[in-house]
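First residue of the sequence shown: 345, per the working numbering; consecutive thereafter. Virtual Cβ for every residue (Gly too), placed ideally from N, Cα, C. All values reported here derive from a predicted model rather than from experimental measurement. Below you'll find the structure, written out as structure tokens, and then a few comments.
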Amino acid sequence: MIGGGQLARMAHDAAIPLGVRFRLLADTPQDSAALAVNDVVLGDYRDLETLRRFAAGCDVITFDHEHVPTEHLRTLLAEGVNVRPGPDALVFAQDKGLMRAKLDSLGVPCPRHRLVADPADVTQFAQEGDGYPVVLKTTRGGYDGKGVWVVKDEAEAAEPFRAGVPVLAEEKVDFVRELAADVVRSPHGQAVAYPVVESVQKDGICHEVVAPAPNLSAHLAAEAQALALRIAGELDITGHLAVELFETRDGRVLVNELAMRPHNSGHWSIDGAVTSQFENHIRAVLDLPLGDPRPRQPWTVMVNVLGGDYPDMYSAYLHCLARDPGLRIHMYGKDVKPGRKVGHVTVFGDDLEDVRERARHAAAYLRGDITE
Ligand code: ADP
345 MIGGGQLARM AHDAAIPLGV RFRLLADTPQ DSAALAVNDV VLGDYRDLET LRRFAAGCDV
405 ITFDHEHVPT EHLRTLLAEG VNVRPGPDAL VFAQDKGLMR AKLDSLGVPC PRHRLVADPA
465 DVTQFAQEGD GYPVVLKTTR GGYDGKGVWV VKDEAEAAEP FRAGVPVLAE EKVDFVRELA
525 ADVVRSPHGQ AVAYPVVESV QKDGICHEVV APAPNLSAHL AAEAQALALR IAGELDITGH
585 LAVELFETRD GRVLVNELAM RPHNSGHWSI DGAVTSQFEN HIRAVLDLPL GDPRPRQPWT
645 VMVNVLGGDY PDMYSAYLHC LARDPGLRIH MYGKDVKPGR KVGHVTVFGD DLEDVRERAR
705 HAAAYLRGDI TE
């Protein structure tokens, strides 16, 4: 797996019981996954020679992030490396402009959008719809809300253009909530769909996921799953696909984003589903039969642990573990920095309010926001 973040760390964890040997390409020995994996190649994922050195001896390579240059992946593919998902699919997760154009061609519902040339063009785009505010996104390189701006006038619209990459404008959707439809597809065409989840974002960062999404109509849930399966098939995706969605006030879903790798919206599945997203991603890239994606219990709530003011989260374990023996803690081994995703907690059970309160309490206590 290319990329040493927490997604690789948790994918490695899923590879162990399958007996799958796991090699990692990481930036530094301190990367979250590099702390856990023993077969680590250190190097820059933007460098073709490094990628070649890493891929030699791997049966298949896959990713913890979208940022490996597409042209390098095409070269590796031409040289016989098994790249999954392949560059022709991955490019739609790497470039938001290409993703929107592709989804348009498939007739997939998206927010109103177009590429914009400069701040005056953003104003033009705003006037073609309901005016400002407008959402601007750099087409490449964004994550966790970095590369996304909500701008209220032409002066604010200048900022995104400073990065020197093409900028996509989108209407600001007045959504009821955000959902995610996660599916996994294997090269021989088998696919599974996880229950549609609700994800709560703050400042572009995922804070909380409830599986399944409460009060979602069976009709809309089935529509979202079918949409995700169709996208996975049409784009010929191998592995995990997260389709981030907006639920609109008139009961539709619009596609916000695609991620072709394990995703924060699926972390609940480690403890909450029969087969986790990480295990199914690994099974898919190896073209093994996929596991059951269904939940093991009525409700699972995952809350991300973001870095707070206390550098030492371990001191909070005594309280959290004693208070709640049903709590599942997943820490990523990262240094605590304010706002950084350093772990997540999961609680499951029959009573959504109870499960949610316990998960929120543990995450807030670990962060240091509450002390009792
Ligand atoms: P990233 O690549 O950082 O994940 P996203 O495109 O998912 O960026 O945007 C991050 C967050 O910004 C979304 O989860 C959502 O809360 C908000 N957002 C993005 N696009 C829109 C939009 N068109 N309308 C309203 N909110 C949006």
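Between which two residues does the alpha helix (DSSP H) containing residue i stretch?
i, result
"His-411", "Where His-411 is concerned, there is no enclosing alpha helix (DSSP H), given that its DSSP letter is neither H nor E."
"Ala-464", "463-472"
"Glu-393", "392-399"
"Asp-615", "613-616"
"Asp-383", "Segment 383-386 is the beta strand (DSSP E) holding Asp-383; no alpha helix (DSSP H) there."
"Leu-662", "661-667"
"Ile-714", "Per DSSP, Ile-714 belongs to no alpha helix (DSSP H) and is neither H nor E."
"Pro-361", "350-362"
Hey, would you say residue i sits closer than 7 Å to residue j, going by beta carbons?
i, j, result
"Val-649", "Arg-704", "no"
"Phe-287", "Met-354", "Since the first and last residues shown for the chain are 345 and 716, residue 287 lies out of range."
"Gly-651", "Leu-379", "no"
"Val-629", "Arg-428", "yes"
"Leu-585", "Val-527", "yes"
"His-663", "His-674", "no"
"Val-479", "Glu-514", "yes"
"Phe-590", "Phe-519", "yes"
"Val-460", "Val-511", "yes"
"Gly-722", "Asp-371", "Absent from the structure is residue 722, since the part of the chain shown begins at 345 and ends at 716."
"Gln-438", "Glu-410", "yes"
"Gln-471", "Leu-634", "no"
"Leu-631", "Gly-548", "First, the residue type needs correcting, since residue 631 is Asp and not Leu in the sequence shown. Their beta carbons are not under 7 Å apart, which means Asp-631 does not touch Gly-548 by this criterion."
"Pro-642", "Asp-694", "yes"
"Val-517", "Thr-482", "no"
"Pro-413", "Tyr-538", "no"
"Leu-671", "Ala-707", "no"
"Ala-717", "Leu-362", "The displayed coordinates of the chain run from 345 to 716. Any statement about residue 717 would go beyond what the structure contains."
"Val-699", "Val-645", "yes"
"Ala-723", "Tyr-709", "With the chain running from 345 to 716 in the structure shown, residue 723 is simply not present."
"Ala-524", "Glu-588", "yes"
"Ala-399", "Val-381", "no"
"Asn-407", "Ile-360", "First, the residue type needs correcting, since residue 407 is Phe and not Asn in the sequence shown. Cβ distance not < 7 Å, so Phe-407 and Ile-360 don't count as in contact."
Between which two residues does the beta strand (DSSP E) containing residue i stretch?
i, result
"Phe-692", "685-693"
"Arg-458", "457-460"
"Ala-370", "367-370"
"Met-675", "672-675"
"Val-478", "478-482"
Using a C-beta cutoff of 7 Å, does residue i count as contacting chain D?
i, result
"Asp-668", "Protein chains in the displayed structure number just one, and chain D is not present."
Q: Starting from the N-terminal side, write out each stretch of the beta strand (DSSP E) that is 3 residues or longer and does not extend beyond the segment 539-606.
A: 541-546, 549-555, 583-591 and 597-603
**Q.** Runs of alpha helix (DSSP H) lying entirely within the segment 416-445, each at least 4 residues, in chain order
**A.** 431-438
Q: Answer yes if the segment 406-420 comes into contact with the segment 440-451, meaning at least three C-beta pairs across the two stretches below 8 Å, and no otherwise.
A: no
Q. Residue ranges of each beta strand (DSSP E) run of no fewer than 3 residues wholly in the segment 486-548, ordered along the chain?
A. 492-495, 511-515, 521-529, 535-537 and 541-546
Q. If you pair each beta-carbon of the segment 518-535 with each one of the segment 572-586, do three or more pairs fall below 8 Å?
A. yes
(Q) Suppose only complete runs of 3+ residues qualify. What are the beta strand (DSSP E) ranges in the segment 607-656, listed by chain order? (A) For the segment 607-656, whole beta strand (DSSP E) runs of length 3 or above, ordered along the chain, are 643-650.
Q: Would you check if there are 3 or more beta carbon pairs closer than 8 Å linking the segment 540-555 to the segment 612-622?
A: yes
Q. Three or more C-beta pairs closer than 8 Å, one from the segment 499-506 and one from the segment 593-612: is that the case here?
A. no
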